[in-house]
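Read through the structure below, which is laid out as structure tokens, and then see the notes.
Numbering (the numbering used here), first residue to last: -7 to 288.
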């Protein structure tokens, strides 16, 4: 059974404007409620969009526990716990599982690239360290490597490896992935907001979305339509939000989406270095398109 079907938000982490740029839990609660009240089917916390790579392990674990407690079972909570060091990944996975996460999102090792046999053993050890379900995360544009379809097929045989976030943007690769798994038992989620409907037409179960931070209802409706086989409706929403999606990625994520959340009235604070704040041209483009779509 899938952890969820539909729209999962890769939720932003709001920070205070203090010296430590501490996590602003008051704003975070408002963001979580905004998501759930607008149909979001799962919360993915402490991932790429949540700036997890700039957080200490304790910050990350505390954020996961807070999210689990505040969500209180309304939707599944999935915790980012990836690392390019297998031992660290195992420890972080255990800790996030103990913090109450329903599932773990585990990215391929980055910078320290490995071969496919090493990649298999990396994920095997992480999966064996927890009873939580694991979502693999394939994002070669950030990590410099990808999960081969044949490796995915082997990993899908491990009992608690149950899903893949596919952010390759490579549809030939995606088709090969579907050929290696049983989509009734193993879920594939789009990790790219601009190709959700095409991936779902192949058998994908939904999306882990950046766009949903600012347009949760639209992303939920798009995925719900696709799940119901109404690809005409789903495609209309996909196309309608294409320009905004492009703007959200014209600077590195999560720089633009934090600027967009400020336009919605969420005091999400700064991005942590080495991320820089959004350029004025990006902010202006976001504002214009969000007004066009009726978001602000």
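Note that the Cβ used here is the ideal one computed from N, Cα and C, for glycine as well.
Pairwise C-alpha distance: residue j and residue i
i           : j           : result
residue 155 : residue 71  : 14 angstroms
residue 258 : residue 73  : 26 angstroms
residue 88  : residue 152 : 15 angstroms
residue 344 : residue 225 : Not covered by the structure: residue 344. The range shown for the chain is -7 to 288.
residue 122 : residue 33  : 23 angstroms
residue 260 : residue 2   : 15 angstroms
residue 126 : residue 137 : 19 angstroms
residue 235 : residue 284 : 11 angstroms
residue 46  : residue 165 : 30 angstroms
residue 77  : residue 133 : 19 angstroms
residue 223 : residue 11  : 48 angstroms
residue 101 : residue 86  : 17 angstroms
residue 179 : residue 200 : 12 angstroms
residue 173 : residue 271 : 42 angstroms
residue 252 : residue 55  : 22 angstroms
residue 15  : residue 5   : 7 angstroms
residue 118 : residue 20  : 29 angstroms
residue 282 : residue 248 : 12 angstroms
residue 163 : residue 141 : 12 angstroms
residue 48  : residue 206 : 26 angstroms
residue 80  : residue 197 : 30 angstroms
residue 139 : residue 175 : 17 angstroms
residue 183 : residue 39  : 12 angstroms
residue 27  : residue 148 : 30 angstroms
residue 115 : residue 231 : 35 angstroms
Three-state class that DSSP yields for residue i in the structure shown
i           : result
residue 62  : helix
residue 31  : coil
residue 67  : coil
residue 263 : coil
residue 273 : helix
residue 53  : helix
residue 156 : strand
residue 15  : strand
residue 288 : coil
residue 236 : helix
residue 112 : helix
residue 189 : helix
residue 2   : strand
residue 249 : helix
residue 125 : strand
residue 131 : coil
residue 199 : strand
residue 7   : strand
residue 72  : strand
residue 223 : helix
residue 216 : helix
residue 228 : helix
residue 278 : helix
residue 147 : helix
Assumed close pair residue i, residue j - CB separation to whole angstroms, cut-off 8 angstroms
i           : j           : result
residue 0   : residue 181 : 7 angstroms
residue 212 : residue 30  : 7 angstroms
residue 185 : residue 202 : 6 angstroms
residue 69  : residue 99  : Residue 69 to residue 99, Cβ: 17 angstroms. No contact.
residue 210 : residue 233 : 6 angstroms
residue 17  : residue 58  : 6 angstroms
Sub-8 angstroms separation of residue i and residue j beta-carbons
i           : j           : result
residue 246 : residue 7   : no
residue 113 : residue 96  : no
residue 239 : residue 274 : yes
residue 158 : residue 104 : no
residue 145 : residue 170 : no
residue 227 : residue 167 : no
residue 36  : residue 63  : no
residue 143 : residue 108 : yes
residue 278 : residue 256 : no
residue 264 : residue 13  : yes
residue 93  : residue 60  : yes
residue 91  : residue 53  : yes
residue -2  : residue 237 : no
residue 244 : residue 219 : no
Proximity test, residue i beta-carbon vs the ligand ZN heavy atom, cut-off 7 angstroms
i         : result
residue 7 : This structure lacks the ligand ZN, and indeed carries no ligand of any kind.
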